[in-house]
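Read the structure below first, then the notes.
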Amino acid sequence: MELYALPAHALRQMLDRGEISSVELTKSLIERIEAVDGAIGSYLAIRVEEALKEAEEADRRIREQRDVGPLTGIPVSLKDNICTEGTRTTCASRMLENFVPPYDATVVARLKAQGAPILGKLNMDEFAMGSSTETSAFKLTRNPWNLERVPGGSSGGPAAAVAAGATVMALGSDTGGSIRQPAALCGVVGMKPTYGLVSRFGLVAFASSLDQIGPMTKDVKDAALLLSAIAAHDPLDSTSIPGDRADFLAELDRGVEGLVIGLPVEMLGEGVAPEVREAVNAAVGVLEGLGARVEEVSLPHVRYALAAYAVIATAEASSNLGRFDGVRYGFRSREDADVVTMFETTRAQGFGAEVKRRIMLGTYALSAGYYDAYYLKALKVRTLIRRDFEKAFERCHLLVTPTSPTVAFRFGEKADNPVAMYQSDRLTVPANLAGIPAISVPCGVSQDGLPIGLQFMAPALAEPVLFRAAAAYEAAAGWASMRPPLEVK
Amino acid sequence: MAAIEREDVERVARLARLALTEEEKALFQEQLGAILEHVRALQEVDTEGVEPTPYAVQLTNVLRPDRARPSMPREQALANAPQEMDGYFFVPRILEE
Amino acid sequence: MYEVIIGLEIHAELLTDSKIWCGCSTRFGADANTQVCPICLGLPGTLPVLNERALELAVKAGLALGCEINRFSKFDRKNYFYPDLPKAYQISQYDLPLCRNGAVEFEANGEIRRVRINRVHLEEEAGKSVHSGDNIMGSEYSLIDYNRGGVPLIEIVTEPDLRSPEEARLFMEKLRTILLYAGVSDCRMEEGSLRVDANISLRPFGETELRERAEVKNLNSFRALQRALEYEVRRQSAILDAGQRVEQDTRHWNDQKGVTISMRSKEDAEDYRYFPDPDLVPVVLTEEQIETWRRELPELPDQKAARFISQYGLPAYDARVLTSSKAMADFFEAAVERFGEPKTVSNWVMVEVQRLVNEAGIEFDALPIGPGDLAGLLELVKRGTISNNVGKEVLEEMFKTGKSAADIVKERGLEQISDTGELEAIVEQVIAENPGPVQDVRDGKEKAIGFLVGQVMKLTKGKANPKMVNELLRQKLTGGA
Ligand SMILES: [Zn+2]
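Residue numbers (our numbering), protein chains in the order written: chain Y, 411 to 899; chain L, 31 to 127; chain Z, 3 to 483.
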């Protein structure tokens, strides 16, 4: 098998045995990017020289058997809203087209410290606002399974790159499903950790109380490996959970025997495409066959999750994106008769339509006279949704749903209809509101040959059991070896 | 009642410092109206006596010691500035305080 | 005549080494944008972490102002756009401030006045704009320095309990004293570490509703505060006299012209869209923590004044004046410890030492003489080596040169003339040269003796022992003592 097709844990063994070097691996990935990314469009920046230098250093460490960790020498790519010192971080926005951060995000610093070369920066919806990567100011990213289809979003670049073998693994960010939905649509594994497990320092904020960085990988074991590398308490992030992190790999092989898996009835019916429902039902059958007990549960307030999310996420975003004013960094308009005109035109020209739409909505929801009816109400509904999950988790270890109600859609299909686009996040948003971990794993292919994703959700900090169930399913169902039928130039 | 009036769109755009074109105003009025229509479902929920959840973690008192450390070099602080002058960030004239 | 209603909003920078959310230094006076980092510049992706000392000082300020401390407190974002505000929101506290319901007592026209403190909350400082040209109006461009951005700040909001511009100033002097005592702020108005905005409205006496108010900004000194409010009293009185209503607005004090100018009217008042900052977590304080901080507070001015009255037997007036500055109170106590006689020391400190400090335009803590130096001087006066009046001159000399009282007296030969022979000759000369007053004394006009004593003092350049001169004159003119 080609190197680009292999997961990190397999490459690890090859690196340790000296069968390949990190430089060879990095070079082969750069070649793969050159071969396929013209068609896919997943990268915004490739760090060729820097990555090769980092690979050389990793090879030295491996040769000298000095500080060799699971990711030493394994190239990783990053969604372009994760700050990289000296490498442009654009959030796929004209606003930050030339922004070069003077610092690394904590996750990047951790990866570098462990000797993982940073291969490049990946496309996304502008400021992570979107579900198709169509709102990127710079390029379209195409779904490797069907180039006429979206890769999902907002982490469409990372999902497409992992699916196409244009990287070994990637980090995305997930505010309402932005890791899991594109992972589902591109047939890869995508995982959103418990809120506070991974530092947000250096992640350009969309909605601070919902954002988490997480792994996007070829299989579940890689997701656990990558999460192990980035999860740690960070004194630079006040919302970082203190103390040590669990061993995410410890329970990978334990199987699902004895686990109680809940099926939230509100998340399986209405609005879910029939073939998605069938694939998920089949997956539930597999889990039962493996010895899990499956029960129906109810999350009565989850039907309000999308509405609560729309208010909370945009309210926070409207404030978080205020700093893009053309003074300290980023784009500045030429209309500068006075500072207010400069602010207004800079933001009008620097932001795309979806970002403006969300800033408008969030500003409205926080403005005088609407705060109680919208923002405060949404926060209270959020409390009820969290309670629904707590109650469900009294009965079961995990919950299972589809990740996305549909498979990958066509470009432009929902671009003009924000309400329809937001529906893509319907099944992923609840986990963000509740702050709990969730993972999407491939669970089948539609008649059109498009991947379908299965979502597992677990209680806060129950990542080990989440990985355990996902790994058991993956091993039994065999979808992990599924690769898109890409033509290579 | 329309979900959102034109004046609301203009008021919010001013607050958000977004210079919208007439087309954008019309489009946002329609689209925000549609979204708010959906969001209005929240009003059905009985939240009597329910505390809001503004934070995603149950942490309190996250503090750092009062220790000064070196700041960044000024060139680096200004490196991304669209316009600078004499070590300052330059902005067009300010009309109001 | 109208009743004047004034409330104040005070901002004081806290005395921390580092900023509130990052490790940049708070030192004043550095070159522009040299005390900044990705966090206080609001670079995308950065996050705030609260400085524990800022929290402690804010709570201590609240305790010193007699506030209740909220057990549960949180930070909120105040959203607005301004070039000196790097994140386009200021992290502040909205509905759950750290401290509320305090009170401050101060003296105005011999009366004790009490002002209620509505709240004290913790927030961050903005950066500084330097405008081209003379001022913001008419400037072509502005330059922004973020060194002050993120310095920890408390905002103190009073209830509208002040009833005159003078009271507002006296209150501020007392508030400043308390904050300095508590060690929470250096309160330097000239460096902007203490600032005050005033809300003022007028109403006919007897009315209970508050009327439209003006918010006055840009008050760069206590004197400016009083002058601006006096101007507002005149301006608003004229409007009310004319049967019109005052328009609620924000006004800028122009110190040169001595007028306030409207900046914006209430109509386009900002909508700050406060909401809890999701990047921070709430602050929960335990009773023990609050009590520990309360115990760590030094003795505050009112407590000290009460002690001065009971311990040293000082009049209330002396106690209040001496404790109006911690440095003065400390100086007084140290001098008393060496010299005794608290009332004598008090007079000297309140009058003579304070005069020298005022004339030099310095703060009491910059006084170039120590309490031991004053004690040495008072010892010389007590022993009769020098007179009280010469003592005042010597003090001035000590202030200027830093020399001790004894050295100055010796160098300049200022010892009193107590030699009877030497004095007698001078007294004879004065009697001979002033026949008129001498006759007056002999005729029983007691007052005239003072003139003759003065003449002797003049001839001796103040060195004669006035008591002895008096006795000698009486002996010679009336034959008795
Ligand atoms: Zn800083």
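A virtual CB, placed ideally from N, CA and C, is assigned to each residue, including glycine.
Asked                                                                                                                              : Found
Cβ-Cβ separation, residue 74/Z to residue 98/Z (assumed contact under 8 Å), whole Å                                                : 6 Å
Where residue 109/L meets chain Z, residues with beta-carbon distance less than 8 Å                                                : Here the premise fails: no neighbours, minimum Cβ distance about 11 Å.
Per-residue contacts from residue 47/Z into chain Y (C-beta, under 9 Å)                                                            : 491, 492, 493, 499, 511, 513, 515, 610, 611, 612, 613, 614 and 615
Reduced DSSP secondary structure (H/G/I, E/B, other) of residue 23/Z                                                               : coil
Short Cβ contact (7 Å threshold) for residue 370/Z with residue 404/Z                                                              : yes
Environment of residue 114/Z [buried if 16+ CB atoms lie within 10 Å]                                                              : exposed
Residue range of the unbroken beta strand (DSSP E) whose run includes residue 197/Z                                                : 196-206
Beta strand (DSSP E) segment containing residue 119/L, residue limits                                                              : 118-122
Cβ neighbours of residue 640/Y in the same chain (closer than 6 Å, five flanking residues each side left out)                      : 517, 520 and 608
Partners in chain Z for residue 97/L, counting only beta-carbon separations shorter than 8 Å                                       : 19, 20 and 25
Residue-level contact to chain Z via CB, residue 743/Y, 7 Å cutoff                                                                 : no
Chain Y contacts made by the segment 82-95 of chain Z, where a contact means CB separation under 7 Å                               : 83, 85, 88, 89, 90 and 91
Rounded straight-line distance, which links the Cα of residue 728/Y to that of residue 768/Y                                       : 7 Å
Residue 305/Z - DSSP class collapsed to helix/strand/coil                                                                          : helix
Alpha carbon of residue 125/Z to alpha carbon of residue 93/Z, nearest angstrom                                                    : 6 Å
Cβ-heavy atom distance, residue 493/Y to ligand 3, below 6 Å                                                                       : As presented, the structure is devoid of ligand 3, carrying ligand 1 as its sole ligands.
Buried versus exposed, by CB contacts within 10 Å (16 or more), residue 360/Z                                                      : exposed
Short CB-CB distance (under 7 Å) between residue 93/L and chain Z                                                                  : yes
Neighbour-count burial assignment, residue 212/Z, 16 or more Cβ in a 10 Å radius                                                   : exposed
Helix, strand or coil at residue 1/Z according to DSSP, with G and I counted as helix                                              : What the structure shows of chain Z is the stretch from 3 to 483, and residue 1/Z is not part of that stretch, so it cannot be assessed.
Residue 41/Z: CB within 6 Å of a non-hydrogen atom of ligand 1                                                                     : yes
Contact test: residue 806/Y Cβ vs ligand 1 heavy atom, cutoff 6 Å                                                                  : no
Extent of the continuous alpha helix (DSSP H) to which residue 440/Z belongs                                                       : 437-444
Residue interval of the alpha helix (DSSP H) (run including residue 457/Z)                                                         : 450-461
Through-space distance from residue 132/Z to residue 258/Z, alpha-carbon basis                                                     : 19 Å
Residue 355/Z to residue 5/Z span [Cα, whole Å]                                                                                    : 38 Å
Residue 189/Z CB to nearest heavy atom of ligand 1 below 6 Å                                                                       : no
7 Å Cβ cutoff, residue 379/Y in contact with chain L                                                                               : Since the first residue shown for chain Y is 411 and the last is 899, residue 379/Y is missing from the structure and cannot be characterised.
Chain-order list of residues whose beta-carbon lies under 8 Å from that of residue 95/Z (same chain, five-residue window excluded) : 75, 76, 77, 78, 123, 124 and 125
Where residue 876/Y sits in the DSSP three-state scheme                                                                            : helix
Contacting residues, own chain, Cβ-Cβ under 6 Å from residue 415/Y (five flanking each side not counted)                           : 575
Residue 24/Z Cβ short of 6 Å to ligand 1 heavy atom set                                                                            : yes
Three-state secondary structure (DSSP) of residue 147/Z                                                                            : strand
Opening and closing residue of the beta strand (DSSP E) in which residue 850/Y lies                                                : 848-855
Cutoff 7 Å: residue 755/Y Cβ touching any chain L Cβ                                                                               : yes
Endpoints, alpha helix (DSSP H) assigned at residue 752/Y                                                                          : 749-760
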